Structures are given as C-alpha cells and as structure tokens.
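Below is one structure, written out as structure tokens; the observations come after it.
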Amino acid sequence: MKLKKLKILMNLWILTLLGKHTKKADVIKKANLFKSYGGGYWHPCWIPTQPELISIGNNVTIAADVRFYEHDMVRLMFDNDPNYIGPYIKYYTGPITIEDNVVIGARAIILYNVTIGKNALVAAGSVVTKDVPPYAIVGGNPARVIGNTKDLLKKRMEYSGVNTDHFCFEDNYKE
Numbered sequence: 008m009k010l011k012k013l014k015i016l017m018n019l020w021i022l023t024l025l026g027k028h029t030k031k032a033d034v035i036k037k038a039n040l041f042k043s044y045g046g047g048y049w050h051p052c053w054i055p056t057q058p059e060l061i062s063i064g065n066n067v068t069i070a071a072d073v074r075f076y077e078h079d080m081v082r083l084m085f086d087n088d089p090n091y092i093g094p095y096i097k098y099y100t101g102p103i104t105i106e107d108n109v110v111i112g113a114r115a116i117i118l119y120n121v122t123i124g125k126n127a128l129v130a131a132g133s134v135v136t137k138d139v140p141p142y143a144i145v146g147g148n149p150a151r152v153i154g155n156t157k158d159l160l161k162k163r164m165e166y167s168g169v170n171t172d173h174f175c176f177e178d179n180y181k182e
C-alpha cells in the first residue's frame, strides 16, 4: 500500500514539474486520494497529508499554492519536550468540504472543520478558519464575507454589455 502511494506521489511530482495540471487532477482522481471529488475539478498544486478527509465538489477550481490543513500542528510542539505531556495532548483533525462551483484563489489556506458553500469564492491569500456560506466572497486573515457572487455575476454581465433588466438573479440562485 505504501509503495503504491509513493508511486502515485512520484507521478504527481513529475506532472507538477512538467506543468501538466489537468493530467495531475486525473491522476489524483484515479488514485482515490481524496474522500470525494466531482467533475470539472482543477488542482495545480500541493497534496495534503490526510487527503481522505477532504471532499471536493463539481466544477471546483483551486489555484496555485493553496494549502489544506486538515489537522493542527500545535501538538507536535509538545511531543518531544520533557516539560510537557506531549502524548496526552489531543491531536485536532477534521474534514474539509468544498461544495460545487467554488473558486479558491492562489495561496489561500483552508483549515480543518471547514465547509466552503456552493458558488463561493475565496480570495487569494485568505485564511479560512470558519464555514463559508453559499454564494459568499470571502477574503482576509481570518477570512470574512466581503461580497457575494450574485452581485459579482450581475456586475460582470453589465460590464460585458448584457442587459440585466429582465434577468432575475434570485431565481437563478435557488438554495
């Protein structure tokens, strides 16, 4: 089992060096590294240490250098220090769920026990410590809601010259 996983990780490393990000996503899917993932998934980068705790929905785009931390690192600080009771300190882990139609910007950090709702956008460099509601745009450290994708869609359509007078945005975004 460990040899198989090592071979998969080597293939991913080679594909990363070659810049073959779409093929890398295919290798990740075939290897069943993540708990689940949907179609239209694009992931150009790093594989977390416990990918079995991560669920990725359909049509998800994950930009470069995004990090998923499905565990904390604090316990490691105490493990080898004789002044602390390292082995008795709880190791926190938890799932990360990314629902459908989500975009995660470059260098974002997603922490454990977080769900990113459908049609959400995580701004580049954000640190997501809590659940992201559907249709939210979040940014900052820690990430906070700074807008919504319904308004973004309307602005983009108007900028593109699309008449939005007869277009009901709420009807197209039923929960």
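Each position in the sequence shown, counted from 1, maps to that position plus 7 in the numbering used here. From the three backbone atoms N, C-alpha and C, an ideal C-beta is built for every residue, glycine too. Treat the numbers as computed from the prediction; the structure is a model and nothing was measured.
- When 112, 118, 149 and 122 are compared, the shortest CA-CA separation from residue 128 is found for 112.
- In the DSSP assignment, residue 151 is bridged to 146.
- No residue range can be given for residue 99, since it is assigned to no alpha helix (DSSP H) and is classified by DSSP as neither H nor E.
- By the 16-neighbour rule on beta-carbons within 10 angstroms, residue 115 is buried.
- If you draw a 10 Å sphere on the C-beta of residue 149, you find fewer than 16 other C-beta atoms in it, and that means exposed.
- Per DSSP, reduced to three states, the secondary structure at residue 166 is helical.
- Taking C-alpha positions only, residue 72 is separated from residue 98 by approximately 25 Å.
- Between the alpha carbons of residue 75 and residue 55 lies a gap of roughly 6 Å.
- In this structure, DSSP gives residue 68 an extended state, which the three-state scheme calls strand.
- For the pair residue 126 and residue 140, the CB atoms are not nearer than the 7 Å cut-off.
- When the Cα atoms are used, residue 103 and residue 167 turn out to be separated by approximately 35 Å.
- Rounded to whole angstroms, residue 68 and residue 146 show a C-alpha spacing of 16 Å.
- At the C-beta level, residue 121 and residue 135 come within 7 Å of one another.
- One alpha carbon belongs to residue 81, the other to residue 100, and they sit about 11 Å apart.
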